[in-house]
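Per our numbering, numbering through the sequence shown is continuous, rising by one, with the last residue being 313.
The beta carbon of each residue, even a glycine, is placed where N, CA and C say it ideally should be.
Have a look at the structure below before the remarks.
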Amino acid sequence: MTATIGKLDTIRAANLTIDDADVEAFERDGYLIVRGMFGADDIEAITSAIDAMHARGKIEGCFDATVTNHEDRLDGGKPAPDVLHEDPLLRYPRMMHPHKVDATALRYMLDARIEKVLSRLFDNAPLAAQSMVYWKPAGSRGQALHQDNFYLQVRPGNCIAAWIALDPADRENGGMVVVPGSHRADVLCPEEADLSVSFTNHFVRPPEGLSEVPVDLASGDCLFFGGNLIHGSHPNTSKDRMRRAFIGHYVSYDTEAMSPWYQPLLAMDGSEVKRDVETGGGPCGTVVNAPH
């Protein structure tokens, strides 16, 4: 499958400015928000593609919305003792590596605008490691605080996520929270998460003196954050608002090794790049059953 980067994408990338102040903010806080990075036509293209994928019900290696409990989740999970009561994420499980099966997902994972930002933040050419789609219907649990590099195991250096808000993401519908400054810490050992509010089982406690802050995003905003930054989200407490996101994870070209779960890597022209295998890692936390 080949990603087609259109002329409009290239023009938009050329008009995108990431200055020294942006890089300094990323290095200081561990994250950077690029407002309005993606237009309404981009959002329509992505959402149409993921809606079409979801309508298929199941795509091997990507997602399965046909099961009625967490026993057969693609990314693991403890067998549920009985049918999970009305978990919206059973109908809308996250999609893992949709770029491997959908040309639009591949195109946006390799988007020229993302490449331009990451080239400044890495001070090197980026390599694409993973794409994901997170659906978050009303009533869904969030994802407990965690660090991405616990899973990607990048050596040396770190990974950076590009989190594209497809819908407005705020405090009501379970928008992102980050812990500014936590990126200076090492990757920390996770504790068990509260499964009544988190659909994954890992929780990373912020270092003393640091605390989470909400990040409100409009549709089309892109949040970039480093792999050691502690981040997560709370449940979607709205009555009827969806919170969808398209996410890519990237590493610097000079990465020597990382978890095999994310290989082969892709250069931003779509060509495959292989690196040594780092043991450990895996998908971003195990999906588990909520307490009854």
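The beta-carbon separation of residue 71 and residue 119, rounded to 7 Å, stays under the 8 Å limit for a contact. In the DSSP assignment, residue 155 falls within the unbroken beta strand (DSSP E) covering 147–155. The alpha-carbon separation between residue 218 and residue 292 amounts to approximately 39 Å. Contact check for residue 137 and residue 39: beta-carbon distance about 7 Å, within the 8 Å limit, so the pair qualifies. Here residue 223 is bridged, per DSSP, to 213. By the beta-carbon neighbour count (other beta carbons within 10 angstroms, threshold 16), residue 134 is buried. Secondary structure note for residue 109: its alpha helix (DSSP H) is the uninterrupted segment 109–112.
A straight line joining the alpha-carbon of residue 159 with that of residue 193 spans about 10 Å.
Residue pairing by DSSP places residue 235 opposite 198 in a beta bridge.
In terms of Cα proximity to residue 49, the closest of 225, 256 and 206 is 206. With respect to the C-alpha of residue 255, the residue from 157, 272 and 83 having the closest C-alpha is 157.
By the criterion of a C-beta distance shorter than 8 Å, residue 86 is surrounded in its chain by 75, 78, 79, 111, 112, 113 and 114, once the five residues flanking it on both sides are discounted. In the structure shown, residue 204 falls within a helical segment according to DSSP collapsed to helix, strand and coil. DSSP, read as helix, strand or coil, puts residue 128 in helix.
In this structure, DSSP gives residue 52 an extended state, which the three-state scheme calls strand.
By the neighbour-count criterion, in which 16 or more other beta carbons inside 10 Å mark a residue as buried, residue 215 falls on the exposed side. Sequence-distant Cβ neighbours of residue 297 in its own chain, meaning closer than 7 Å and more than five residues away, are 277 and 278. For residue 255, no beta strand (DSSP E) run applies, since DSSP gives it neither H nor E.
The Cβ atoms of residue 197 and residue 131 lie no closer than 8 Å to each other.
When the five nearest sequence neighbours on each side are left out, the beta carbons in the same chain lying within less than 6 Å of the beta carbon of residue 109 are those of 158, 160 and 161, in order along the chain. Sorting 295, 289, 212 and 32 by C-alpha distance to the C-alpha of residue 282 places 295 at the top. Inter-residue distance for residue 280 and residue 61 is about 35 Å (C-alpha atoms, whole angstroms). Less than 8 Å divides the Cβ of residue 199 from the Cβ of residue 252. In the structure shown, residue 72 adopts helical secondary structure according to DSSP, grouped into three states. Taking the CA atoms as reference points, residue 180 sits about 32 Å from residue 259.
Annotated as distal: residue 116 and residue 241, with beta-carbon spacing of 8 Å or more.
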